[in-house]
Amino acid sequence: MISRTEDGCIKCGACQAICPVLRQEGCLSFPGPRRLAVEAPRFSRELASLSSPLQMCTSCAMCEPACPSRLPLTEAVMRMRVRYGARSEGGERMISNARRYGRTIAPASGVRAPEEGSVLFFPGCVGDARASSSVQGAVDLLLASGDRAFVPEQWYCCGSPLEKIGAHDEAKRLRDMNAPTLEDAEEVVTACPGCAVQLRKASSVDALHVLEHLYESITPSRLRWRSPRPITVALHSPCHLVRSVGPHTMDYARELLASVPGLRVVEMDDEGCCGGGGGVASALPELATKMARRRTDSAARAGAEVLLAPCPFCVVNLERAGGLEVRELTAFLATLSEHRR
Amino acid sequence: MSLPDVDADVLVAGGGAAGLVVATRLALDGRSVAVASSATPATSLSTGRVLLDHDDPGAEEWASFFLAQFRRQGAHYVMSKRPAVAMTNLGTGMKQSLTSPLFDWTSKDRDVAVVGLVGNGDLDPDLVSLEMGRSRRAKPRPYWFSPSFSPELDPGGFAEELGGALMNDVAEGTVVLPPLPHSTPYGFLAELRKRSGKKVVEAATPLSWPGRRLQTLLEGTAERLGVQVLRDRRLLSIDVNGREADRAFLSSGVRTQRVTFNGLVLATGNVVSGGLAVSGRGVVDPLGLFRVSSARASGISSGQLRATLSSGLVTRRGKAVTTNGVSLRNVFAVGSLLRGMSYPLGRGLGDVMVHAWETAPAVEEAL
Amino acid sequence: MPMRSRVEVLIIGGGATGTGIARDLAMRGVEVVLVEAGDFAAGATGANHGMLHSGARYAVNDPMSARECTVEGEVLKHIARFCIEDTGGLFVSARDDDEGYMDRFLPACREAGIRAREIDVAEVLGTEPGLDPGIKAAVEVPDASIDPFFLTLGNVGSARAHGAIVMNHAPVRNIRRSGRRFEAMIGGKERITADVVVNAAGSWAGETAAMLGASIPMCVDKGTMVVFNGRLVGRLVNRLRPPSDGDILVPHRTATILGTTSSAGAPGAPATSAEVERLIVEAAAVYPGIRTARAVRAYAGTRPLLGGGSTGRKATRTFQVIDHGPDGVDGLISVAGGKLTTFRLMAEKASDAVMEKLGRTARCRTADEEIAPFDDEPSSLFDLEAMRYRRGRSEGVSLAPACGCEAVSRGELELQASSPDVMDMGDLMRRTRAGMGYCQAGLCAVSMASAIGAGTKELRRYLGERWKGVEPVLFGEQLRQEAFKAHLMKVYSVDHTEAVE
């Protein structure tokens with residue numbers, strides 16, 4: 001059977017022209033989305049030689065809105081990885097962690113929050129273990145705005161990174177374990193775009209990204225800000241947030257920032273991926289850091305003092321680049337909230 | 001799951017040249033306009049070359065407004081005047097088109113080096129040199145260059161390296177470059193001319209995306225005038241009430257967004273861009289709402305391909321017609337979505353944009 | 001290339017058989033010149049199904065042909081590994097097919113020495129998810145997929161390595177007896193005299209023999225095939241019923257070839273939309289998804305079957321070596337009929353007949369030696385790997401991409417273009433596979449033209465040739481592709497749908 005992706009391509013090259021990894025590394029190192037997702041699957045004998053380039057895709061999905069045929073290119077690249085690449089060390093670690101802890105990363109100290117309430121905040125594996133200050137900030141902001149926010153005592157990986165590496169059974173197991181907790185909550189909110197989409201698609205839970213919740217449920221008018229010293233910031237568009245949850249989230253982010261007095265937002269002269277996604281941060285750290293550096297350099301060129309990103313995973317990777325202070329957006333807003341405790 | 005509604009006087013579905021031009025004119029006249037764009041429009045895939053008819057007052061109006069806007073955004077262009085035709089190469093700093101008619105070198109410069117960049121398939125210097133040589137107007141020579149800097153990531157380093165190479169290795173006084181990445185700053189060619197001491201021109205070929213720069217300029221113009229450009233949105237459905245459309249639903253990631261409007265302009269493009277769909281051997285409206293038929297056309301030998309390319313929405317006095325034959329009072333169509341407007345059968349972007357410009361008053365009347 | 005004016009043997013026809021004879025005779029130490037009017041494999045060899053037959057398809061109706069196929073198939077799997085994918089094959093019967101056919105099929109296969117084994121339908125559906133779940137029976141057979149272009153080019157290379165002179169783009173303008181020899185005018189300029197002439201001109205064998213006043217009863221039969229994007233099946237899938245249209249799906253490199261039809265038709269007749277529709281309807285009974293799969297092109301060829309008996313599907317597929325001595329043209333040997341799978345055997349028999357005419361005794365060794373070496377060592381870069389598979393490892397060529405569909409780099413194009421055999425874009429295509437992918441040369445045509453130093457005139461001619469095969473499949477995604485190509489090509493002022501003579 002031939003997938004829609006392989007049959008629907010008309011070779012316009014839009015995906016190749018926009019791919020940030022291809023533009024940075026060149027076609028002799030990284031063949032680009034069309035080669036990996038559309039052209040290569042047609043071969044049978046030569047595919048083993050692609051396992052190394054396949055690792056370089058950050059799953060930023062910039063190729064997808066560019067494609068006039070609307071092919072699901074990122075999904076196709078991930079499928080190619082599962083079919084033809086050996087599972088990476090990072091992937092094996094994720095699975096063994098999932099079996100042991102129910103999370104892809106061993107749990108950390110956790111988030112300080114009530115254990116009961118009406119708005120369930122879902123921290124996500126990365127948020128909890130690697131970006132707990134971001135997640136804490138998001139929870140604090142919700143509490144400060146009057147939400148009865150809480151973090152359940154027991155929660156498990158949403159399953160998204162496991163499905164990407166083909167561990168569907170493990171993903172399903174954790175999904176079933178999360179189900180009762182999530183279904184009971186009145187509202188579910190998360191700061192991780194990957195979790196937001198996965199919970200909606202796989203668990204049929206109406207999970208909102210925290211930006212959506214802040215803008216739509218709480219609304220900017222109900223948020224109260226202190227007046228800090230003037231500060232200039234730049235805003236990074238996280239790939240999975242913009243392309244999976246939806247482009248409206250960045251409109252929300254801009255409006256939220258516009259409502260904070262003393263805050264100046266500068267426009268960066270280019271768009272791009274932080275380089276952390278698709279397993280690249282752990283498998284190819286040099287590539288990830290190079291891409292992150294382009295973002296922080298771009299923000300610095302625009303005159304920003306801080307680079308904000310509404311995604312804990314982006315923040316972790318951008319911080320590696322050095323060069324500029326990086327903060328998670330909701331955590332940053334939490335420090336400016338009038339009601340902060 | 002829905003997002004807050006968008007409300008506008010006019011919703012323009014499709015953010016390519018046609019959609020942006022009609023949106024811009026409506027905004028100029030004080031209307032609130034939202035443009036919903038989904039994927040890569042044909043404009044971005046084009047050479048960005050615009051053919052205008054000097055004798056057409058609509059074309060003059062379009063040109064005097066838009067060229068000023070493009071200049072304000074720092075773009076270069078070249079206007080050439082032959083009898084009744086002006087050719088503008090927008091946004092590329094390009095002084096010579098090596099596209100249509102094929103390899104027509106009209107410059108007086110005879111000794112030319114045609115640069116090929118190893119790894120860049122956009123310009124084939126051997127083929128171009130062969131054809132230019134045949135035309136006897138030029139003595140071209142291919143010159144292959146392997147850059148250490150990426151023109152995309154480090155235009156400064158690339159300019160320095162290439163400039164030096166051209167100065168030292170190339171005897172010809174004129175150099176033709178392959179198309180540059182669309183994000184290259186406009187001052188790049190001037191920089192390269194300074195460093196190399198040569199006259200440097202940039203070629204445009206299919207798939208090299210000079211059209212992308214035109215697309216960026218049109219978006220910039222529209223946004224400056226207050227048009228709300230909703231990117232990465234797809235048109236999911238349109239609600240029709242009697243002889244009027246009043247609402248549309250757009251996708252935004254995993255959510256849907258409702259847009260209410262008084263007027264709707266469809267500018268979603270043809271079978272390539274996705275505004276029309278192929279069904280078996282024929283062409284249909286993917287929404288299943290509007291009547292599609294083919295127009296009489298010439299320019300391609302294959303009858304079937306001609307029929308496909310000339311297919312598009314049927315309109316009556318500019319208004320779109322439903323599959324039941326009802327023309328909707330407040331729904332218009334522009335661009336290659338229309339019957340007979342698709343390149344290569346039509347005259348291209350110039351035609352499309354002037355027609356879109358001239359459609360705006362009719363849209364206003366219907367509001 | 002130095003022209004020999006006097007040789008022992010002149011072979012007319014550069015398909016699998018003709019080149020196979022050149023190799024065979026050269027290996028036996030005979031002075032050989034082979035001339036081919038167009039490019040190698042221009043006739044039936046280049047328009048066939050790409051099947052290395054187990055012979056099972058002919059087991060019931062044409063057992064002699066079946067026996068030949070099964071033996072020769074195994075030989076080729078040893079000597080032609082470089083162009084064979086040993087995929088294995090299946091015979092499946094669709095819901096409405098006659099279940100009784102199996103009772104004749106299996107015994108006939110056994111009789112012919114074919115390793116056919118009935119297998120569980122559930123097992124088959126597990127390995128071939130695209131098959132109709134309602135199929136009723138399945139038999140496993142040792143079919144394989146073969147690339148006829150690379151096979152023929154392999155023969156050419158091997159023949160040359162053993163001293164033969166092999167030329168393409170060298171048509172025989174006329175040929176006549178000159179004493180005890182034959183004198184032929186090649187391409188209007190070169191004159192060759194030979195002691196023996198081998199007529200291996202396939203579908204043109206009758207005309208060629210007629211040039212010398214001899215005759216062969218030919219029954220030229222047209223077959224049409226449709227190429228689909230991607231490998232729809234992992235093994236060859238045949239219909240378990242008496243041979244009919246649309247019976248076979250062959251996974252062939254990056255594509256799947258569906259065939260075939262059988263009708264009267266002259267060489268050069270193009271595939272038609274009606275034939276394409278028919279093939280898809282027939283195949284849908286076994287592979288329902290064929291109706292929505294992306295058809296990329298259709299092509300037709302003519303089978304050079306021997307006449308004088310039944311026609312069409314009932315005509316025998318066995319071959320004949322004809323000594324025209326008794327007809328009054330002593331020294332002319334013709335070979336016709338047969339299948340791609342049995343080319344080596346045909347070549348052996350034809351060569352034996354030639355050796356007898358020449359009074360020489362060396363025996364055939366073509367089954368003992370590989371036609372071309374096959375390097376199984378994988379490489380690390382995709383394009384290099386693809387090139388290694390096609391042509392053996394080639395270091396030091398530019399890997400800048402030229403044809404993305406078929407993973408052909410610019411360097412490989414230039415490498416092949418530097419051969420004196422390559423005179424036009426079709427020649428380059430057959431040697432690299434550039435232009436054979438799903439965009440049908442949309443993106444790589446310009447690079448191909450540049451690699452051989454051709455201009456827009458040749459570009460137009462080549463695209464016009466491609467168009468003949470695309471026109472019958474102008475529907476669905478391919479129609480959209482061609483609409484986009486029209487835009488691309490028009491910018492070069494080329495109408496790629498214009499037939500150019």
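First to last, the protein sequences are chains A, B and C.
One point on numbering: in this note's numbering, the residue at position 243 of the first sequence is 243, and numbering is uninterrupted.
One point on numbering: in this note's numbering, the residue at position 251 of the second sequence is 251, and numbering is uninterrupted.
One point on numbering: in this note's numbering, the residue at position 341 of the third sequence is 341, and numbering is uninterrupted.
Cβ atoms here follow ideal geometry from the backbone N, Cα and C, with glycine treated the same way.
Asked                                                                                                                                                                                                                     : Found
Compute the Euclidean distance between the alpha carbons of P148 (chain C) and M448 (chain C), then round it to the nearest angstrom.                                                                                     : 21 Å
Here's the rule: buried if 16 or more other CB atoms are within 10 angstroms of the residue's CB, otherwise exposed. What is E406 (chain C)?                                                                              : buried
Would you decide whether W144 (chain B) is buried or exposed? Buried here means 16 or more other CB atoms lie within 10 Å of its CB.                                                                                      : exposed
For the segment 16-37 of chain A, enumerate the residues whose C-beta is nearer than 8 Å to any C-beta of chain B, in chain order.                                                                                        : A17, R23, Q24, G26, C27 and L28
Under 7 Å between beta-carbons, which chain C residues line up against G127 (chain A)? List them in chain order, please.                                                                                                  : Per Cβ cutoff of 7 Å: no residues; G127 (chain A) is ~37 Å from chain C at best.
Taking the beta strand (DSSP E) that V272 (chain B) falls in, what are its first and last residues?                                                                                                                       : Element bounds for V272 (chain B): n/a, residue is neither H nor E.
Evaluate H335 (chain A) with the Cβ neighbour count: other Cβ atoms within 10 Å of its Cβ, from every protein chain shown; 16 or more gives buried, anything less gives exposed.                                          : Per the sequence presented here, residue 335 (chain A) reads as Thr, with His not at that position. Burial call: exposed.
Does the distance from the CB of R381 (chain A) to the CB of C57 (chain A) come in under 8 Å?                                                                                                                             : In this structure chain A extends from 1 to 341, so residue 381 (chain A) is not present and cannot be described.
On the DSSP letters alone, give me the boundaries of the beta strand (DSSP E) that I175 (chain C) sits inside.                                                                                                            : V172 to S178
Would you call the CB atoms of A42 (chain B) and L52 (chain B) closer than 8 Å?                                                                                                                                           : no
Report yes or no: do three or more beta-carbon pairs, one from the segment 303-322 of chain B and one from the segment 98-113 of chain A, lie closer than 8 Å?                                                            : no
Given a cut-off of 8 Å on the beta-carbon distance, is the pair S139 (chain A) and D128 (chain A) in contact?                                                                                                             : The amino acid at residue 139 (chain A) is misidentified as Ser; the sequence shows Val. Against a cut-off of 8 Å, the Cβ pair of D128 (chain A) and V139 (chain A) comes out as no contact.
Whether or not the segment 127-135 of chain C and the segment 278-289 of chain C are in contact is what I'm after, with contact meaning three or more pairs of Cβ atoms, one per stretch, closer than 8 Å; do they touch? : yes
Give the residues from the segment 243-272 of chain A that approach chain B closer than 8 Å (Cβ to any Cβ), ordered along the chain.                                                                                      : R243, S244, V245, G246, P247, H248, T249 and D270
Just to make sure I have the definition right: I need the residues of chain B whose C-beta is within less than 8 Å of the C-beta of G453 (chain C). Which are they?                                                       : D126 and L130
I'd like to know whether the C-beta of S447 (chain C) is nearer than 8 Å to at least one C-beta of chain A.                                                                                                               : no
Check whether the Cβ of D285 (chain B) lies closer than 8 Å to any Cβ atom in chain A.                                                                                                                                    : no
Are the beta-carbon atoms of P251 (chain C) and G223 (chain C) separated by less than 8 Å?                                                                                                                                : no
Quick check: the segment 10-17 of chain C against the segment 342-361 of chain C, are there 3 or more CB pairs under 8 Å?                                                                                                 : yes
For a cutoff of 8 Å on Cβ pairs, would you count F343 (chain C) as touching chain A?                                                                                                                                      : no
Which residues, in order along the segment 410-421 of chain C, keep a beta-carbon less than 8 Å from a beta-carbon of chain A?                                                                                            : none
Could you say which of B:D232, B:R255, B:S293 and B:G269 lies nearest to G325 (chain B) if we only look at CA atoms?                                                                                                      : B:S293
Could you tell me whether any Cβ in chain B is nearer than 8 Å to the Cβ of T497 (chain C)?                                                                                                                               : yes
Taking the DSSP output, what are the residues bridged to V233 (chain A)?                                                                                                                                                  : A:V265 and A:V306
Just confirm the distance between the C-beta atoms of R229 (chain A) and G262 (chain A), as a whole number of angstroms; I'd bet it's less than 8 Å.                                                                      : 7 Å
Cβ closer than 8 Å: which chain A residues qualify as neighbours of G274 (chain B)?                                                                                                                                       : P68, S69 and R70
For S301 (chain B), return the contacting residues in chain C, with the cut-off set at a CB-CB distance below 8 Å.                                                                                                        : D495, T497, E498 and A499
Going by C-alpha to C-alpha distance, which of C:G392, C:F343, C:S334 and C:C444 sits closest to V196 (chain C)?                                                                                                          : C:S334
Going by DSSP in three states, E60 (chain B) sits in which element: helix, strand or coil?                                                                                                                                : helix
Hey, P345 (chain A) and L241 (chain A) are a contact pair by Cβ (cut 8 Å); roughly how many whole angstroms apart?                                                                                                        : Nothing in the structure corresponds to residue 345 (chain A), since chain A is present only between 1 and 341.
Among the candidates C:I79, C:G411, C:M489 and C:L34, whose CA atom is the shortest distance from the CA of A441 (chain C)?                                                                                               : C:M489
Taking 8 Å as the CB-CB cut-off, is D206 (chain A) touching chain C?                                                                                                                                                      : no
Please determine, among C:V32, C:G179 and C:R388, the residue with the shortest C-alpha to C-alpha distance to E8 (chain C).                                                                                              : C:V32
With 16 other CB atoms within 10 Å as the buried threshold, where does L20 (chain B) fall?                                                                                                                                : buried
Please list the terminal residues of the continuous beta strand (DSSP E) segment that includes W225 (chain A).                                                                                                            : No beta strand (DSSP E) contains W225 (chain A), which DSSP labels as neither H nor E.
Please state whether DSSP places T5 (chain A) in a helix, a strand or coil.                                                                                                                                               : helix
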